[in-house]
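Number of protein chains: 2
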Amino acid sequence: MSILVVGSVALDTVETPFARIEETLGGAASYFVTAASLYSQVNLVAIIGSDFPREHLDFWGKRPVNLAGLKIEEGSTFRWAARYHMDMNTRDTLDTQLGVYAGFHPVIPEEYRSSKLLFLANIQPELQLEVLEQVSDVRLSVLDTMELWIMTTRSQLTEVIKRVDMLLMSEEEVRQYTNRASLVAGVRQLLDMGLRYVVVKQGSYGALLFGADGTFFSAPAYPLEEVIDPTGAGDAFAGGLLGYLATVEPQQDGEDFSIDRLRSLAMDDVAERYQCLVMCSHFDPNWCSGEPGQAQTISRRGVKLL
Amino acid sequence: MSILVVGSVALDTVETPFARIEETLGGAASYFVTAASLYSQVNLVAIIGSDFPREHLDFWGKRPVNLAGLKIEEGSTFRWAARYHMDMNTRDTLDTQLGVYAGFHPVIPEEYRSSKLLFLANIQPELQLEVLEQVSDVRLSVLDTMELWIMTTRSQLTEVIKRVDMLLMSEEEVRQYTNRASLVAGVRQLLDMGLRYVVVKQGSYGALLFGADGTFFSAPAYPLEEVIDPTGAGDAFAGGLLGYLATVEPQQDGEDFSIDRLRSLAMDDVAERYQCLVMCSHFDPNWCSGEPGQAQTISRRGVKLL
């Protein structure tokens, strides 16, 4: 199953309290494509300027990434600059230069239209609606968004939510959009809009899956000792999720500056972390309750990490 | 295996944005005893005043709770009053009346000394050291503490940490005590002090277990739609943890005002939630990585919740 993704490809300048990198490959679609192409064919729709470094295209060229829908236009590539705070969870956007994105309208190439999985990465809801108008054969459509659209284009965002199968939101975004203090109540409200699934992203705490049929699944995060650059973690997570759904092979990461760590990731790395998560999230399914005082054998579970 | 617990038994007055309850049963040891006695014999060491309501003792009398070490002294029971903020994660202590706790020194009765599991509930580190001086046969000693002791009696707390097997701390407390931004680095520092295990409590995100041998286990929290009174959640968690270790039957809860919900909890309720956690934390251990594009059967996992 191939995956269609529509979103931003950008050049990012990122500062953390510990380091700084200039004009590196960024944008939601870049993170998504790099993660998802570990699993399956990915069909990219985005726009870049004539100043976009050729090396990034060459990198994707070595992966099962179709660039037929990547428009190259005379002008500047979208640029984003941000500075992370000490806790690495909050950041200030220092600069946004739309460049060729200013007049962008996504066009889905004919050869992409058989894609069964669709990821609407974080761009304006109006553009996401334009994408939905051009696809008909999708089995699962997945939507990502951000606080900016909840605040400024809520009604269009609501239209998109009503037309997709799965929504990815951070827990803060769920509370903002639904205006509910209880996460579970907020998710229920979202599911009542017609979504089949809501995935709540909780940063270093992992992610929760809620289904309209009552399904619940809690995925712990892999505990990282050092976070170098959290940019794109949610997009890489989405790439792993849809990649998994395309081939049943999960992935979840977000280390090193830009996509450099992701770039060097091999399926063996994914398999190794997956096995860690199998172990560290395993509850003995054969446990059953006995009377107090009735001792049972303790089976130790866990995985070597430190 | 019986469990020895030393800690506070109190009368609490708790306000939330939604309700208020006066002079209800509270104190770390009360929550612990009520949870742990679902699993195993619990031997309590604490002090109460002559004004302590008889009904609470009658309640524990119906459980496998030994009250031989509960001293009843002429005077007032320890009282604590607090108000929770809107998010239920933060609270202000409004009043603390030590009463008979002021001159308390724990005495472990002879009949308790064969207890194999020890829980040092949150009291002054000096008193916790006095308990450690009186026990010799313990197989696993578990320590709980609070921000107040990290700030005011750090050196005594350090002494206690060096003499126990397992430490329970919230993630904020790990960062405060170790002065490390990285939780994993902070836990490593704690393990380097000689602890065998560190359990990091993350509130509604669950808990993490780190072992000195590199063991790691992530336990998700059961997602509650409504939180009525979070007081004692960590103590009830500890009760479930040590109860599990005594009989291999896990437990984790914290609903309703005071211990009312916990009081009404039966082992079937525990078993039901356990089965939910089995399902919602299950990663397919037989998954293995294939080549991109090589589709495998999707096995849906999860548990009905909403």
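In order, the protein sequences belong to chains U and A.
Start counting the first sequence at 150; every next residue gets the next number (the numbering used here).
Start counting the second sequence at 150; every next residue gets the next number (the numbering used here).
Cβ coordinates follow ideal geometry from the N, Cα and C atoms, glycine included.
Within the model, the alpha-carbon separation for V336/A versus V163/U is close to 29 Å.
DSSP, reduced to helix, strand and coil, places E259/U within a helical segment of the structure shown.
Between the region 313-327 of chain U and the region 287-294 of chain U, the count of Cβ pairs shorter than 8 Å is three or higher; the stretches touch.
Among the residues of the region 252-267 of chain U, none has a Cβ less than 9 Å away from any Cβ of chain A.
Under the Cβ criterion of 7 Å, A168/U is not counted among the residues facing chain A. The beta carbon of V333/A falls within 7 Å of a beta carbon belonging to chain U, placing the residue at that interface. Looking at the backbone, the Cα of A231/U and that of M237/U are separated by about 12 Å. With fewer than 16 other CB atoms across the displayed protein chains lying within 10 angstroms of its CB, D417/A is exposed. In the structure shown, R212/U falls within a coil segment according to DSSP collapsed to helix, strand and coil.
Fully enclosed alpha helix (DSSP H) runs of no fewer than 4 residues occupy 203-210 of the region 180-238 of chain A, in order along the chain. Residues G355, L357 of the same chain have their beta carbon placed closer than 7 Å to that of S367/A, with the five preceding and five following residues left out of the count.
From the beta-carbon of Q351/U, the residues of chain A found nearer than 7 Å are Y354. Straight-line spacing of the CA atoms in E375/A and V376/U works out to 33 Å. Measuring C-alpha to C-alpha distances from I152/U to each of S331/U, M315/U, A185/U, E171/U identifies A185/U as the nearest.
Distance between L193/U and T307/U, taken at the CA atoms: about 24 Å. Per the coordinates, the alpha-carbon of L269/A lies some 32 Å from the alpha-carbon of Q351/U. D384/U carries a helical assignment under DSSP once its states are collapsed to helix, strand and coil.
The Cβ of P369/U sits closer than 7 Å to at least one Cβ of chain A. When DSSP states are grouped into helix, strand and coil, R324/U belongs to the helix group. Excluding sequence positions up to five before and after A370/U, its CB lies within less than 7 Å of the CB of S353, Y354, G355, all in the same chain and listed in chain order.
Here E222/U really is in contact with V249/U; their C-beta atoms are around 4 Å apart, less than 8 Å.
Contact note: D236/U reaches chain A through A330, using a C-beta cutoff of 8 Å and chain order. The C-beta separation of S157/U from I272/U comes to about 6 Å, placing the pair in contact by the 8 Å criterion.
For S290/U, the enclosing beta strand (DSSP E) starts and ends at 289-293. Within the region 200-227 of chain A, those residues whose Cβ lies closer than 7 Å to any Cβ of chain U are, in chain order, P213.
Around the CB of R169/A, fewer than 16 other CB atoms lie within 10 Å, so the residue is classed as exposed. Setting aside the 5 residues that flank it on each side, G198/A is surrounded in the same chain by E222, G224, S225, T226, G248, V249, each with a C-beta closer than 7 Å to its C-beta; the list follows chain order. Residue pairing of R240/A in beta bridges, as defined by DSSP: Y233/A. If the five residues before and after E172/U are omitted, its C-beta is found closer than 7 Å to the C-beta atoms of L160, T162, all from its own chain and listed in chain order. Non-local beta-carbon contacts of V214/A in its own chain, meaning distances under 7 Å to residues more than five positions away in sequence, involve V182, S186, V191, L193 in chain order.
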